[in-house]
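So the mapping is simple: this note's numbering equals the position in the sequence shown, first residue as 1, plus 292.
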Amino acid sequence: MTDRATLNTLRERVADAAAPTRQLFVEAWAACTGHPPPDATDRFDVLVVGEAWADAALLLAACALPDERLEVFWSAGGANTLSLVGESGAGRETGVAVAAGYSGRIGLSLLATVLDRLCDG
Numbered sequence: 293m294t295d296r297a298t299l300n301t302l303r304e305r306v307a308d309a310a311a312p313t314r315q316l317f318v319e320a321w322a323a324c325t326g327h328p329p330p331d332a333t334d335r336f337d338v339l340v341v342g343e344a345w346a347d348a349a350l351l352l353a354a355c356a357l358p359d360e361r362l363e364v365f366w367s368a369g370g371a372n373t374l375s376l377v378g379e380s381g382a383g384r385e386t387g388v389a390v391a392a393g394y395s396g397r398i399g400l401s402l403l404a405t406v407l408d409r410l411c412d413g
């Protein structure tokens with residue numbers, strides 16, 4: 293696992309990103325996942341090349357936080373928030389707004405959520 297300072301810097305870059313990029317996602321994959329199985333890395337590469345940002349971020353979350361469950365909560369007002377729930381079932385909302393249907397913004401939001409969790413870890 294990468295050190296906390298590097299993860300924080302990466303988190304800031306994600307927050308400042310206007311749109312996802314291959315470089316940003318590849319750097320996050322390397323920083324967050326350690327040594328994932330080769331098949332997961334191959335799948336991630338295909339998703340990033342295809343710009344399937346939300347799917348790539350979900351795969352990253354599954355590899356980086358294998359004991360956690362990612363949930364999306366839909367509120368009545370139409371805004372969505374992301375939450376990571378650990379084995380104990382104690383959730384923590386991140387307060388990240390998600391633009392439904394837009395893979396890039398969703399991917400960045402998911403990536404930010406994973407980085408937040410790893411930085412708090």
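C-beta atoms are modelled at their ideal positions from N, C-alpha and C, and glycine is treated no differently.
When you compare the CB positions of residue i and residue j, do they come within less than 9 Å of one another, or not?
i      : j      : result
Ala307 : Leu316 : no
Trp321 : Leu400 : no
Leu357 : Ala323 : no
Excluding the 5 residues flanking residue i on each side, which residues of the same chain have their C-beta closer than 7 Å to its C-beta?
i      : result
Pro328 : Cys355
Ala332 : Leu351, Cys355
Arg314 : Val340
How would you write the range of the alpha helix (DSSP H) that residue i sits in, first residue to last?
i      : result
Leu352 : 345–356
Ala322 : 314–325
CB-CB under 6 Å to residue i, same chain, minus the five flanking residues each way: which ones, in chain order?
i      : result
Leu403 : Val306, Ala320, Ala349
Can you tell me whether DSSP reads residue i as helix, strand or coil?
i      : result
Pro330 : helix
Thr301 : helix
Ala404 : helix
Gly342 : coil
Asp295 : coil
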